[in-house]
Amino acid sequence: MTAMWSRRAFLSAAGGGAWALGVPAGAQPAEEVHDEAMRAVWRVLYLGGGFSAGAEPFRSRLLELGAQADAWRATMAPAPGSLWPELGFTTDPELMMQSYYRLRTMAEAYVRPGTGRTGDAALLSALLAGLDHLHARVYHAGQARYGNWYCWQIGAPQALLDLCVLLYADLGPARLTAFRAAVDHFVPDSAVASYSGTSTGANRVDLCRVLALSGVLGADSAKIGLARDALAPVFPYVSTGDGLYRDGSFVQHTWVPYTGTYGAVLLGGLGMLFALLHGTPWQVTDPGAEIVLNAVERAWAPFLFNGLIMDSVSGRAISRGLTAGDPRQVQQDDHTRGHAVLAGILVLAEGASEARRARWRALVKGWALRDRYSPVLDDRTLGLSALARLAEVVADASVAPLPEPVGHRLFASMDRATHRRPGWAASLSMASRRIAHYETGNGENLHGWHTGSGMLAWWGSTYGNGQYTDAFWPTVDPYRLPGITVARKALSDGAGGDWGASRPEATWVGGTTDGEFASVGQHLRGLGSTLTALKAWFFLADTIVCLGAGIRATDGVPVETIIDNRNLGAAGTHALTVGGRVQPTGLGWSATFSSPGWAHLSGFGGYVMSGPGGFKALREARTGRWSDINRGGSTTPLTRRHLTLWYDHGVDPTAAGYVHQILPGASAAGTAARAADPDHVRVLANTETAQGISCAALGFIGVNFWQAGSAGALSASAPCSVTVRERTDDTATICVADPRRAPASLTLVWNRPVASVLSRPSSVLTATTGARLRLGFGDLTGAEGAGQEVVVRLG
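The sequence shown begins at 220 in the numbering used here and counts up one residue at a time.
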């Protein structure tokens, strides 16, 4: 394992037939040659290559792998209902699946050089005994499924088939036949007969992986062909349910944004299948696959920042953190999930065009090098193959790292937005009739109730990259997530229901963007409460302007809007300055301040509060456990310090509101200067009719119309979102969207002289210029919440 396999050699192994393997032409039937070649490719895909077993970090990881295999071999104790005493599988198939995972890890130690157990006869004997035991007792043809379907159809068979490839020469024909029969029993061809239920999106890709590898191991060309053909429904854009959307959204479980986890599974799984099938009679030639390739930069890149993937698209995985009983204490988090996505992009790159491959490798290298908070090569959740791929691209001097992309992306189909500026990035999470407040299930993410209530997360390029990594989720007050408006009504674990059941009856959620700045809004309906609110965000060059109106509830509990909640770490004493005065740093300190006013938190940035009423601040130490929010989580207590700024709207407010700006990375002096310049950002409206602002320095006007009305120079005949950008070349771009997707016409008037319309979409039925611009839009339902862009010449 010291010579890096080249791309050419890899692809040749995938489909080069007998020549690629050094087999004399004509020595074997074609199907057998492909079978052997494809097994060789899968082995390379699974094990990776190109690293020295004696070089770090691989040397240590390999020795740990060998030690782990030793430990599991020593504790293996086959019994009627278990292979290991702590993994009794008679009622819980997940423990059967975990048993296969352990065997696969042990097999890695057996076949990898450098583990200290390479080719160890005793280890092989234990592996064969373990596989025979699981086959005899639980995973065999004729066994009835119980519990979680995933364990039977994806988790266990994937591990078992990987084991068959790794130990192919040692298993013998009888075992291979029996194990394949077991897989075929639980994953019959009918598992992909209908693109529905649990056979969609990333799950469908996982099922195709099972079918393809079973076909390879059995030289079953029909099954391999079925696996390829069953991928076809994954490729096209969808307009509802699971899959990729035209705007770059990725949804799984029908209602949950899942780019960061299920999306990563889809990305990596397709990459491996494309590579496995490349150059064979079953190569993927469906033109729809181009959609997935385009999605690398349209769907995944906007959520990657300095090596992490934003929690807003990771569903219930945000609660996983540390697992109970894990002796290594290896944490899953936004960085480790991001690293898995980076590795998946590299796998997919091997089957892409040369231009795409070069660009993706440059993007991955940039993200990897910038991850100084959680260095990629120190990631102990990565398998050795993923680690090897990332180490190779980082070390490749011919690859110049690309910088973070700059711009705004609005994902109307999953109620998410990302804002990228030089030096910082932000992510917004919302919920609607289309998208759940949060996902819980399998005892995970028990307190994620309000993540879709307008949670606004942000990071700096050189600060705050561990903000949501460092035990944020088990220690944060779940009723005080940054950016949300919430009724502090006590909720039970998993309130709202499993698997995305917590969808509010709200349709006006979305907005407009010109690709750089944006106007976004949410008609918020609280989870488990009577709360309603109108929330708006305007994403600009150095600030996010936040407006709230029409905040009301009748639950008999306080209602709050959280300006921000910063994780200061285990011992952070970041200075808070309010109105020029440094506040106490003692734990338990709290205070109320009048508005207008400003605040600055050292190491993070500034806040300008200019709405009615006052705001509050609290510095506290909070203790929690991963098991509090995930039943499989570690019970070890963790304490982190949090600094929270919020508005207290009182008990049962009737028409409360707020106005503030967030200035990531700003200095105290810069924050004070912005507070002293109310004309830089002017509030045009903050009512239940419309919320809007203008920023003359940027030529920006943004208005969210909740109903027909006017704000500043804009008037709308129906609810909509509008973003206007005036340019220095005497042109302007007007972006209009109907987030409700209601079947109705819309007339927009801009009281500004306009000489001519330079371009307009077909949705604009009429356009009148002159002393003012008048645009008549037809039914925007088919636009799926996307903005309609009109470019004009100013008068």
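Even glycine gets a Cβ: it sits at the ideal position worked out from N, Cα and C.
Predicted model only: the values in this text are computed from it and were never measured.
Of the residues the options, the one placed nearest residue i, counting alpha carbons only
{"i": "L486", "options": "R428, A326 and P624", "result": "R428"}
{"i": "E275", "options": "T294, G333 and R258", "result": "G333"}
{"i": "L379", "options": "G544, L322 and P392", "result": "L322"}
{"i": "T942", "options": "Q926, S936 and V922", "result": "V922"}
{"i": "L284", "options": "Q317, E327, R258 and S301", "result": "E327"}
{"i": "D733", "options": "T858, A605, L395 and E1008", "result": "E1008"}
{"i": "V973", "options": "G1014, P723, L984 and L967", "result": "G1014"}
{"i": "S748", "options": "S721, L561 and F757", "result": "S721"}
{"i": "A610", "options": "L565, R993, Q551 and W865", "result": "L565"}
{"i": "L347", "options": "L390, L314 and L306", "result": "L390"}
{"i": "P476", "options": "F454, G490 and G420", "result": "G420"}
{"i": "L710", "options": "D615, Y682, R423 and W668", "result": "W668"}
{"i": "A1002", "options": "A431, G798 and T731", "result": "T731"}
{"i": "V1011", "options": "A1005, S344, L994 and T1000", "result": "L994"}
{"i": "E509", "options": "Q686, A568, R901 and V797", "result": "A568"}
{"i": "C914", "options": "W925, G931, Q926 and A927", "result": "G931"}
{"i": "H472", "options": "R278, V330, A655 and L426", "result": "A655"}
{"i": "V424", "options": "D553, Q377 and P392", "result": "Q377"}
{"i": "L603", "options": "D254, V263 and L992", "result": "V263"}
{"i": "S433", "options": "D408, T417 and G416", "result": "D408"}
{"i": "Q550", "options": "A894, T855 and R960", "result": "T855"}
{"i": "G852", "options": "G570, T858 and G843", "result": "G843"}
{"i": "A520", "options": "G349, M491, T478 and S413", "result": "T478"}
{"i": "Q372", "options": "G300, M315 and S809", "result": "M315"}
{"i": "D717", "options": "L665, E724 and S680", "result": "L665"}
Beta-carbon gap between residue i and residue j smaller than 8 Å
{"i": "G997", "j": "S978", "result": "no"}
{"i": "C939", "j": "A956", "result": "yes"}
{"i": "V764", "j": "I912", "result": "yes"}
{"i": "R399", "j": "V532", "result": "no"}
{"i": "V728", "j": "S648", "result": "no"}
{"i": "G775", "j": "A755", "result": "no"}
{"i": "T773", "j": "D847", "result": "no"}
{"i": "W303", "j": "L541", "result": "no"}
{"i": "I781", "j": "H868", "result": "no"}
{"i": "G267", "j": "R800", "result": "no"}
{"i": "R535", "j": "T688", "result": "no"}
{"i": "Y358", "j": "A401", "result": "yes"}
{"i": "L512", "j": "R575", "result": "yes"}
{"i": "N786", "j": "H861", "result": "yes"}
{"i": "A449", "j": "L430", "result": "yes"}
{"i": "A937", "j": "A909", "result": "no"}
{"i": "A836", "j": "L864", "result": "yes"}
{"i": "R278", "j": "A286", "result": "no"}
{"i": "L806", "j": "R838", "result": "yes"}
For residue i: DSSP bridge partner residues
{"i": "S748", "result": "Paired residue(s): none; S748 is not in a bridge."}
{"i": "H877", "result": "Rather than His, the amino acid found at residue 877 in this sequence is Tyr. Its beta-bridge partners are G767."}
{"i": "L933", "result": "A930 and W969"}
{"i": "W865", "result": "I781 and K835"}
{"i": "S978", "result": "V1010"}
{"i": "Y826", "result": "A818 and I881"}
{"i": "C939", "result": "F924"}
{"i": "G713", "result": "In DSSP, G713 forms no bridge with anything."}
Any C-beta of chain D under 8 Å from that of residue i
{"i": "L385", "result": "As a matter of chain content, chain D is missing from the structure shown, which is built from one protein chain."}
- Do three or more CB pairs link the segment 596–611 to the segment 636–646 at distances below 8 Å? no
- Query: With contact counted as at least three CB pairs below 8 Å, one residue from each stretch, are the segment 808–823 and the segment 886–905 in contact?
  - Reply: yes
- Query: Counting pairs of Cβ atoms below 8 Å between the segment 522–529 and the segment 557–566, do you hit three or more?
  - Reply: yes
- Query: Enumerated in chain order, which unbroken segments of the beta strand (DSSP E) with a length of 3 residues or greater are wholly contained in the segment 743–812?
  - Reply: 751–758, 763–771, 777–788, 795–797 and 809–812
- Item | Inter-stretch contact at 8 Å, needing at least 3 Cβ pairs: the segment 691–699 / the segment 626–636 | no
- If we count Cβ pairs, one from each stretch, closer than 8 Å, do we get three or more for the segment 824–839 versus the segment 799–814? yes
- Are the segment 467–482 and the segment 512–522 in contact at 8 Å, needing three or more beta carbon pairs? yes
- When the Cβ atoms of the segment 490–505 are set against those of the segment 740–750, are three or more pairs found closer than 8 Å? no
- Query: Curious, which full-length alpha helix (DSSP H) runs of at least 4 residues does the segment 376–460 contain?
  - Reply: 387–405, 420–436 and 440–448
- Are the segment 572–590 and the segment 611–626 in contact at 8 Å, needing three or more beta carbon pairs? yes
- Query: Any chance the segment 447–466 sits against the segment 699–707, with 3 or more Cβ pairs inside 8 Å?
  - Reply: no
- Message: Contact between the segment 501–511 and the segment 664–682 is defined here as three or more beta-carbon pairs at a separation below 8 Å; is this criterion met?
- Response: no
- Complete runs of the beta strand (DSSP E) confined to the segment 557–635 [at least 3 residues]: 626–630
- Fully enclosed by the segment 298–365, which alpha helix (DSSP H) runs are 4 residues long or longer? 312–330 and 340–356
- Ignoring anything shorter than 3 residues or poking outside the segment 465–514, list the beta strand (DSSP E) runs there in chain order. 469–471
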